[in-house]
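Novice: With full-length UniProt numbering applied, the sequence shown has no gaps in its numbers, which climb one by one up to 96 at the end. Right, I'll just put the structure down here and ask away after.
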Amino acid sequence: MWEVFLNVTGGCNLNCRYCYETDRTTEKQHPLSVCNYTINDVLTLLEKLSEYKDSIYVYFYGGEPTLKPKLLEEWSSKIKEKYPSVNQVYIQMVCF
């Protein structure tokens, strides 16, 4: 099984009932959370991984990935169009 994690944003709207954070309403720039890859880079990676004939999971996360709905829609559609067997998961994580 292959897992690809895409950090969509470090921003968070602090809108989760279970969230304990109180000061992360703006996107913070953490060296590990800055990604300059394009959807074409991701598709190239998925192409290489698909050669192994193993399960592939793509995780969209960050602070709150749904704060970038256009990006999620575009990238999810393109991934599903080219690689329908890839599993896509949206994860909400604490930002840096």
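Yeah, the Cβ is synthetic: ideal placement off N, Cα and C, and Gly gets one too.
1) Please find out if some non-hydrogen atom of the ligand PLP comes closer than 7 Å to the beta-carbon of E73.
2) Taking all protein chains shown into account, do 16 or more other C-beta atoms lie within 10 angstroms of the C-beta of Y61, making it buried, or fewer, making it exposed?
3) Quick check on N36: does DSSP put it in helix, strand or coil?
4) In this structure, does DSSP put E3 in helix, strand or coil?
5) In the structure shown, what three-state DSSP assignment does C8 receive?
6) Provide the residue span of the alpha helix (DSSP H) that contains K82, from first to last.
7) Might you give, ordered along the chain, the residues of its own chain that have their beta carbon closer than 6 Å to the beta carbon of L6, omitting 5 neighbours on each side?
8) Under 6 Å Cβ to Cβ from Y90, same chain only, skipping five residues before and after it: list those, please.
Specialist: This is what the structure gives:
1) No copy of the ligand PLP appears in this structure; indeed no ligand is present at all.
2) Taking the first residue of the sequence shown as position 1, residue 61 is located at position 61. Per the 10 Å Cβ criterion, buried.
3) In the sequence shown, residue 36 corresponds to position 36, counting from 1. Correct three-state label for N36: coil.
4) Numbered from 1 along the sequence shown, position 3 holds the residue referred to as residue 3. In the structure shown, E3 sits in a strand (DSSP, three-state: E or B).
5) The residue given as residue 8 occupies position 8 in the sequence shown. Contrary to the premise, residue 8 reads as Val rather than Cys in this sequence. The answer is strand: DSSP assigns V8 an E or B state.
6) Within the sequence shown, the letter at position 82 stands for residue 82. Start and end: P69 to K82.
7) Sequence index remark: in the sequence shown, residue 6 carries index 6 (1-based). For L6, where only same-chain residues beyond five positions count, the Cβ hits under 6 Å are F60.
8) Translated into the one-based positions of the sequence shown, residue 90 becomes position 90. Excluding sequence neighbours, Y90 sits near F60 and P65.
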